[in-house]
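S.K.: Throughout the sequence shown, residue numbering follows the numbering used here, covering 41 to 706 in sequence.
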Amino acid sequence: MPQHPRHRWLRWPSEPGRPRLAFGADYNPEQWPREVWREDMRAMKTAGVNIVSLAIFSWARIQPRAAAWDFAWLDEVMDLLHGHGIAADLATATASPPPWLTAAHPEILPVDRDGRTVWPGARQHWRPTSPVFRAHALELVAALAERYGTHPALAAWHVNNELGCHNVYDYSDDAARAFRLWLRRRYGTIGALNHAWATTFWSQTYGDWEQVLPPRRPAPGSYPNPTQQLDFKRFSSDALREHLRAERDLLRQYTPDIPVTTNFLLMGDTRGMHYAEWAAELDFVANDHYVIPGPQGLDELSFSANLVGNLAGGRPWYLMEHSTSAVNWQPVNKAKAPGELARDSLTHVAHGADAVCFFQWRQSAGGAEKYHSAMIPHAGEDSDVFRAVTELGATLRDLAPVAGTPREPARAAILFDWESWWASEQDSHPSDRVRYRREALDWYTAFLNLGIRADVVPAHGAWERYELVVAPILYMVPRPLADRLEAFVDAGGHLVTTYFSGIVDEHEHVWLGGYPGALRDLLGLRIEEFGPLLDDERVALDDGSTGTLWTDRIDVVDPATEVLVRYTTGEQAGRPAVTRRALGPGSAAYVSTRLGPAGLTPLLATLAARAGVPSELPAALRGAVELAVRGAHRFLINRTDRPLDVSALAGPGRVLAPRAVMVVTS
Ligand code: GAL
Numbered sequence: 041m042p043q044h045p046r047h048r049w050l051r052w053p054s055e056p057g058r059p060r061l062a063f064g065a066d067y068n069p070e071q072w073p074r075e076v077w078r079e080d081m082r083a084m085k086t087a088g089v090n091i092v093s094l095a096i097f098s099w100a101r102i103q104p105r106a107a108a109w110d111f112a113w114l115d116e117v118m119d120l121l122h123g124h125g126i127a128a129d130l131a132t133a134t135a136s137p138p139p140w141l142t143a144a145h146p147e148i149l150p151v152d153r154d155g156r157t158v159w160p161g162a163r164q165h166w167r168p169t170s171p172v173f174r175a176h177a178l179e180l181v182a183a184l185a186e187r188y189g190t191h192p193a194l195a196a197w198h199v200n201n202e203l204g205c206h207n208v209y210d211y212s213d214d215a216a217r218a219f220r221l222w223l224r225r226r227y228g229t230i231g232a233l234n235h236a237w238a239t240t241f242w243s244q245t246y247g248d249w250e251q252v253l254p255p256r257r258p259a260p261g262s263y264p265n266p267t268q269q270l271d272f273k274r275f276s277s278d279a280l281r282e283h284l285r286a287e288r289d290l291l292r293q294y295t296p297d298i299p300v301t302t303n304f305l306l307m308g309d310t311r312g313m314h315y316a317e318w319a320a321e322l323d324f325v326a327n328d329h330y331v332i333p334g335p336q337g338l339d340e341l342s343f344s345a346n347l348v349g350n351l352a353g354g355r356p357w358y359l360m361e362h363s364t365s366a367v368n369w370q371p372v373n374k375a376k377a378p379g380e381l382a383r384d385s386l387t388h389v390a391h392g393a394d395a396v397c398f399f400q401w402r403q404s405a406g407g408a409e410k411y412h413s414a415m416i417p418h419a420g421e422d423s424d425v426f427r428a429v430t431e432l433g434a435t436l437r438d439l440a441p442v443a444g445t446p447r448e449p450a451r452a453a454i455l456f457d458w459e460s461w462w463a464s465e466q467d468s469h470p471s472d473r474v475r476y477r478r479e480a481l482d483w484y485t486a487f488l489n490l491g492i493r494a495d496v497v498p499a500h501g502a503w504e505r506y507e508l509v510v511a512p513i514l515y516m517v518p519r520p521l522a523d524r525l526e527a528f529v530d531a532g533g534h535l536v537t538t539y540f541s542g543i544v545d546e547h548e549h550v551w552l553g554g555y556p557g558a559l560r561d562l563l564g565l566r567i568e569e570f571g572p573l574l575d576d577e578r579v580a581l582d583d584g585s586t587g588t589l590w591t592d593r594i595d596v597v598d599p600a601t602e603v604l605v606r607y608t609t610g611e612q613a614g615r616p617a618v619t620r621r622a623l624g625p626g627s628a629a630y631v632s633t634r635l636g637p638a639g640l641t642p643l644l645a646t647l648a649a650r651a652g653v654p655s656e657l658p659a660a661l662r663g664a665v666e667l668a669v670r671g672a673h674r675f676l677i678n679r680t681d682r683p684l685d686v687s688a689l690a691g692p693g694r695v696l697a698p699r700a701v702m703v704v705t706s
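#1: Can you determine whether any heavy atom of ligand 1 sits closer than 7 Å to the C-beta of valine 367, and answer yes or no?
#2: Please report how far the alpha carbon of alanine 414 lies from the alpha carbon of glutamate 568, in whole angstroms.
#3: Taking contact to mean 3 or more Cβ pairs, one atom from each stretch, closer than 8 Å, check whether the region 468-475 and the region 316-336 are in contact.
#4: Can you grab the Cα-Cα spacing for the pair aspartate 530 / leucine 623, in whole Å?
#5: Report all residues from its chain with a CB closer than 6 Å to the CB of alanine 144; omit the five preceding and five following residues, and keep chain order.
#6: For tyrosine 358, which three-state DSSP category applies?
#7: Tell me the start and end of each unbroken beta strand (DSSP E) in the region 622-665 that is at least 3 residues and wholly inside, in chain order.
#8: Skipping 5 residues on each side, what residues in its chain have a beta carbon closer than 6 Å to that of histidine 418?
#9: Work out the CA separation of glutamate 75 and glycine 353 for me, nearest whole Å.
#10: Keeping to the same chain, check which residues put their C-beta closer than 6 Å to that of methionine 702; ignore five residues upstream and five downstream.
#11: In whole angstroms, give me the CA-to-CA distance for isoleucine 416 and aspartate 110.
#12: Quick check: the Cα distance between lysine 410 and proline 73, rounded to an integer number of angstroms?
#13: Alpha carbon to alpha carbon, how far is alanine 375 from histidine 44? Give it in angstroms, no decimals.
#14: So alanine 218 is in the alpha helix (DSSP H); what residue range does that whole segment cover?
#15: With a CB to CB cut of under 6 Å and the five nearest residues on each side skipped, what residues in its chain are close to threonine 445?
#16: State the start and end residues of the unbroken beta strand (DSSP E) segment that holds valine 92.
#17: If distances are taken between C-alpha atoms only, which option among His206, Tyr484, Arg163 and Gly189 comes closest to phenylalanine 97?
#18: With respect to 7 Å, is the separation between the Cβ of histidine 412 and the closest non-hydrogen atom of ligand 1 below this value?
#19: Any heavy atom of ligand 1 within a distance shorter than 7 Å of the CB on glutamate 361?
#20: State yes or no: is the C-beta of leucine 121 within less than 8 Å of the C-beta of alanine 131?
#21: Glutamine 269 and glutamine 466: beta carbons closer than 8 Å?
#22: Along the beta strand (DSSP E) that carries methionine 702, what are the first and last residues, could you check?
#23: Alanine 697: buried (16+ other C-beta within 10 angstroms of its C-beta) or exposed?
#24: Ligand 1 heavy atoms versus the CB of asparagine 327: any closer than 7 Å?
#25: Would arginine 621 be called buried (16 or more neighbouring beta carbons within 10 Å of its own) or exposed?
#26: Could you check if glycine 349 is buried or exposed, using at least 16 other CB atoms within 10 Å of its CB as the buried criterion?
#27: Across the region 443-463 and the region 511-520, are there enough close Cβ pairs to call them in contact, namely three or more that are closer than 8 Å?
#28: Can you find the residues in the same chain that come closer than 8 Å, C-beta to C-beta, to asparagine 90, ignoring five residues on each side of it along the sequence?
#29: Using beta-carbon positions only, say whether tryptophan 222 and aspartate 278 come within less than 8 Å of one another.
#30: Exposed or buried, what is glutamine 612 when buried is set at 16 or more other beta-carbons lying within 10 Å of its beta-carbon?
#31: Beta-carbon within less than 7 Å of methionine 118's beta-carbon, same chain only, minus the 5 sequence neighbours each way: which residues are those?
#32: Can you say whether proline 42 is buried or exposed, counting buried as having 16 or more other CB atoms within 10 angstroms of its CB?
#33: Quick one: give me the first and last residue of the beta strand (DSSP E) that proline 498 is part of.
#34: I need the boundaries of the alpha helix (DSSP H) containing leucine 604, first residue and last residue.
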């Protein structure tokens, strides 16, 4: 098989060299009669749509029975699209197996932790490790690749859809078999597994691989082995990645020149898929993002987009889905306010997206997502949503010169580590209130409040080039990571870490000798006991801030460790709350409680000043505006809900979306 260069962007059917941003949606023509398809083409042209994701949930339509194929409708849609100059990101259609398949092969249905079958009737009811499902899925992929591999509209392949959104954890017998194989590859011998899983505890020692199971429902009030739980999370992410690889490899056999992607769901609390490991599998990274309502909603969008941009290695990525207005899966689904559609879209562009797409093109009249917004809402084209969509299309046309330009790296970074996320929130810990991503987001908000750009980067990526690195709740620190952090500080870098960091190795075994184990010497402190707080407990700090969730009983053990802030109340009153150990020009700081954005903002101002990392915004705009830089374009994103005067930032600026985003080109 030929070698495939990674990170290939869309294959545009026409004028491949012309810079442009992709704009479009999931397009589900199978939900509509044919007459509507022509209306769709006309309206897509009006809106400036140049690409759609097609056939994502079309398996039952393409293959209505085991040996029956119906491509006529898809041929027509592909031709129609091409005739209108619209490219297709064609799905492999494997996301939702049709009823004939699950009826004939109920053994493809996932099984939950309690041994209950996950029944068809919704979607993604398939086991990632089922050989039967895999064979049927690959048959479909091959049929599509054969039929459309040379179609002129084809710009990219879209593997499945949001792999793992609903099926990441499957406890079936297929999963048990695959888990054992995965463990054998990881550990080699059952003895090594017994050591890693600390099976001397609670009489869990295994004599043979066949005895090992997924962490199914344990005795009430008890906990499955923690390393078994953690390995099952690692395995489950890998099992889906295997599925992705299987579809991708087949597509590449048929169409070596067509890029392959799949849409990540890097947003909010979605955590099962280790996207830092998945990103390298794709020709380009694609993500779906939906705004989570609340005071940090926009910050969370920016955080996610920022991390996706870094997973993409600074190269362009594809925003596969977001919403024009309301979603349908929150308890209460609010419409977007005027300006938000453009602001949200352009925030993704500011962080490196070269494609802005929505779920979905035309709002469904029936089915489970009929109350989810779309580019054409129920009200039709005569609607504020469609007008805003059309305006955005024009804006993106104007922004074509941005396409292909890299994000400019910041001087500061936040480390993001899936393994610490998974492990720090496992059960049977000092507190079940620890929230890894929330802590990371709080630091990001603090950076935004100060007008200091910070990249969100995977912990296993190349972060040594940053001057200031914040590693919140870096709970799992295997020796090589500890060595890297030490070398970083030795070389003059400034590290900031927080409570519940440096505690365990890769097997979730505690580093002994006092916390924070792997980082104890680097931070110059020693903790004998954690001091987690009850929900209603607050502790005061002598810088005026308030801590919640956690405290530590810290002893400073190195003369170079300075106490920056002390507790004034609670069990640790008088003891250090925030410390900083200077090491030549570098430093290692520790924050032992949860301060939230309000407390972190002034503290980070101090830490950043001492690290020599300045704000990039004039004082009047700090906090009100987010700055993101791509090549010669500086994006100023309005974080407030009022119009802002950004004239303090001189330059030939253009307000792209009134009240939302300004772009300054230099
Ligand atoms: C995504 C999914 C889409 C649609 C959308 C609604 O998770 O890929 O098919 O369900 O959510 O927000």
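Virtual Cβ for every residue (Gly too), placed ideally from N, Cα, C.
M.R.: The relevant details are as follows:
#1: yes
#2: 54 Å
#3: Segments in contact, no.
#4: Distance from the CA of aspartate 530 to the CA of leucine 623, rounded to the nearest whole angstrom, comes to 7 Å.
#5: none
#6: Reduced to three states, the DSSP call for tyrosine 358 is strand.
#7: 626-631
#8: Gln403
#9: 43 Å
#10: Leu676, Val686, Gly693 and Val695
#11: 27 Å
#12: When rounded, the distance between both Cα atoms is 17 Å.
#13: Unreliable placement is indicated for histidine 44, whose pLDDT of 43 sits below 50; the coordinate value is still reported in the next sentence. Computed Cα separation, rounded: 43 Å.
#14: 213-227
#15: Excluding sequence positions up to five before and after threonine 445, its CB lies within less than 6 Å of the CB of Arg670 and Gly671, all in the same chain and listed in chain order.
#16: For valine 92, the uninterrupted beta strand (DSSP E) run begins and ends at 91-94, by DSSP.
#17: Here the closest residue by C-alpha is Arg163.
#18: yes
#19: True, at least one ligand heavy atom lies under 7 Å from that Cβ.
#20: no
#21: yes
#22: 701-705
#23: buried
#24: No - ligand 1 has no heavy atom lying nearer than 7 Å to the Cβ of asparagine 327.
#25: buried
#26: buried
#27: yes
#28: Contacts found: Arg60, Ala62, Phe63, Gly64, Gly125, Ile126 and Ala127.
#29: Taking a C-beta distance under 8 Å as the contact criterion, tryptophan 222 and aspartate 278 qualify as a contact pair.
#30: buried
#31: Ala128, Tyr188, His191 and Ala193
#32: Summary for proline 42: the model assigns pLDDT 39, below 50, so the residue's position carries little reliability; its value from the coordinates is reported in the next sentence. Exposed: under 16 other Cβ atoms inside 10 Å.
#33: Boundaries of the beta strand (DSSP E) around proline 498: 494-498.
#34: Note, leucine 604: premise wrong, no alpha helix (DSSP H); beta strand (DSSP E) at 601-606.
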